[in-house]
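Trainee: One structure follows; several queries about it will come next.
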Amino acid sequence: MKTEVKICGLKTAEAVDRAVALGARYTGFIFFPKSPRNIEPDDAGRLADRIRGKAKIVAVTVDASNDDLDEIVSALSPDILQLHGNESPERVLTVKAVYGLPVIKVLSIREADDLRRIDPYIGIADSFLFDAKAPKGSELPGGNGVSFDWHLLDTLDGSLDYMLSGGLNAENVAEALALTGAKAIDTSSGVESAPGVKDLGRMEEFFDAVARADADMAEALAGRSK
7 MKTEVKICGL KTAEAVDRAV ALGARYTGFI FFPKSPRNIE PDDAGRLADR IRGKAKIVAV
67 TVDASNDDLD EIVSALSPDI LQLHGNESPE RVLTVKAVYG LPVIKVLSIR EADDLRRIDP
127 YIGIADSFLF DAKAPKGSEL PGGNGVSFDW HLLDTLDGSL DYMLSGGLNA ENVAEALALT
187 GAKAIDTSSG VESAPGVKDL GRMEEFFDAV ARADADMAEA LAGRSK
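In this note's numbering, the protein residues as written are 7 to 232.
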């Protein structure tokens with residue numbers, strides 16, 4: 007089975023085009039002024055138009071107001087909304103009702119107790135993204151280039167639809183996939199040469215690493231079935 011990849015924090019035509027050419031299933035545009043990956047809605051809309059229909063377009067927001075979401079949805083016409091803040095289950099329901107779009111709810115993980123926060127969102131959020139909690143002093147809820155203990159996900163219900171994020175890069179993605187069995191992954195800083203600057207070479211290395219990991223897992227499964 008091919009792992010689905012989301013490249014997040016896209017800001018240039020070159021990066022958007024390359025991500026999709028390499029096989030990205032999801033493309034993420036971040037609307038959070040404190041982030042080096044922040045993009046204006048109109049600019050994101052123009053970039054998304056380049057690859058519309060070739061990959062899912064995800065609008066990433068952090069505790070966005072209705073006015074902000076109105077502007078983002080109007081300019082970008084996203085396929086999915088990703089809520090990366092402290093949005094309550096009630097807020098998720100409201101966002102889904104107002105915009106008629108599926109929602110990915112992000113949960114930040116550092117310890118086992120953090121996973122318990124998922125319960126109120128089950129049946130409300132369409133899917134989940136597990137990211138590492140931000141280091142002390144960081145103003146960014148994600149994109150900090152840090153991972154969490156992937157073994158914490160061992161207790162998850164195997165039917166849960168989630169995407170793994172947090173410090174994933176070409177060097178560690180195979181281990182992450184082998185330990186978690188995640189069917190979808192998200193990277194941003196892991197394919198950058200500097201915060202907010204996508205590196206096309208690192209992007210290619212990341213997809214190569216994912217492809218090798220997929221092949222290794224398929225071979226292992228085939229061997230067990232003999």
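Just so you know, even glycine gets a beta-carbon here, dropped at the ideal spot from N, CA and C.
Determine the burial state of D69: buried for a count of at least 16 other Cβ atoms within 10 Å of its Cβ, exposed for fewer.
Mentor: Per the 10 Å Cβ criterion, exposed.
Trainee: Quick check on DSSP: helix, strand or coil for L107?
Mentor: Of the three classes helix, strand and coil, the one that applies to L107 here is coil, per DSSP.
Trainee: How would you label V101, buried or exposed, when you count the other beta carbons within 10 angstroms and need 16 or more for buried?
Mentor: V101 should be labelled buried.
Trainee: With three or more C-beta pairs closer than 8 Å as the rule, is the region 33-46 touching the region 220-231?
Mentor: Too few Cβ pairs lie closer than 8 Å, so no.
Trainee: Straight-line CA distance for R183 to A219?
Mentor: Residue 183 is actually Leu in this sequence, not Arg. Between L183 and A219, the C-alpha separation is close to 7 Å.
Trainee: Count the other CB atoms within 10 Å of the CB of T157; is the residue buried (16 or more) or exposed (fewer)?
Mentor: What sits at residue 157 in the sequence shown is His, not Thr. H157 is exposed by the Cβ-count criterion.
Trainee: Compute the Euclidean distance between the alpha carbons of S165 and D137, then round it to the nearest angstrom.
Mentor: The alpha-carbon atoms of S165 and D137 are separated by roughly 19 Å.
Trainee: Taking all protein chains shown into account, decide if D115 is buried (16 or more other Cβ within 10 angstroms of its Cβ) or exposed.
Mentor: A small fix is needed here, since residue 115 is Ile in this sequence, not Asp. The residue is buried, with at least 16 neighbouring Cβ atoms inside 10 Å.
Trainee: Leaving out five residues on either side along the sequence, give the residues of the same chain with a beta carbon under 6 Å from the beta carbon of A30.
Mentor: Here the set comprises V11, I13 and A61.
Trainee: Quick check for students: name the residue ranges of the beta strand (DSSP E) that lie wholly in the region 44-76, counting only runs of 3 or more.
Mentor: For the region 44-76, whole beta strand (DSSP E) runs of length 3 or above, ordered along the chain, are 62-67.
Trainee: Work out the CA separation of V152 and A27 for me, nearest whole Å.
Mentor: Those two C-alpha atoms are separated by around 27 Å.
Trainee: By DSSP, does K40 sit in helix, in strand, or in coil?
Mentor: In the structure shown, K40 sits in coil (DSSP, three-state: anything other than H, G, I, E or B).
Trainee: Cα separation between G59 and G34?
Mentor: Those two C-alpha atoms are separated by around 14 Å.
Trainee: Leaving out the 5 sequence neighbours to the left and right, which residues in its chain are closer than 6 Å to D167 when beta-carbon positions are compared?
Mentor: Contacts found: S133.
Trainee: Please state whether DSSP places G196 in a helix, a strand or coil.
Mentor: Helix, per DSSP.
Trainee: Which term fits D214, buried or exposed, when burial requires 16 or more other beta carbons within 10 angstroms of its beta carbon?
Mentor: Its Cβ having fewer than 16 others within 10 Å, D214 is exposed.
Trainee: What does a CB cutoff of less than 6 Å around P201 pick up in its chain, not counting 5 residues either side in sequence?
Mentor: Within the same chain, P201 has close Cβ partners P42.
Trainee: To test your reading of the DSSP string, which unbroken beta strand (DSSP E) runs of 3 or more residues are found completely within the region 153-177?
Mentor: Taking only runs of at least 3 residues, the beta strand (DSSP E) segments lying wholly in the region 153-177 are 168-170.
Trainee: What are the boundary residues of the alpha helix (DSSP H) that includes A138?
Mentor: Not the alpha helix (DSSP H): A138 falls in the beta strand (DSSP E), residues S133 to A138.
Trainee: Grab me the residues of L162's own chain with a C-beta within less than 8 Å of its C-beta, minus the 5 sequence neighbours each way, in chain order.
Mentor: Around L162: L121 and Y168.
Trainee: How many angstroms separate the CA atom of T18 from the CA atom of S80?
Mentor: Distance between the alpha carbons of T18 and S80 is about 20 Å.
Trainee: Who pairs with T33 in a beta bridge, going by DSSP?
Mentor: DSSP, once it has assigned bridges, lists I13 and I63 as partnering T33.
Trainee: What would DSSP say about A19, mapped onto helix, strand or coil?
Mentor: Of the three classes helix, strand and coil, the one that applies to A19 here is helix, per DSSP.
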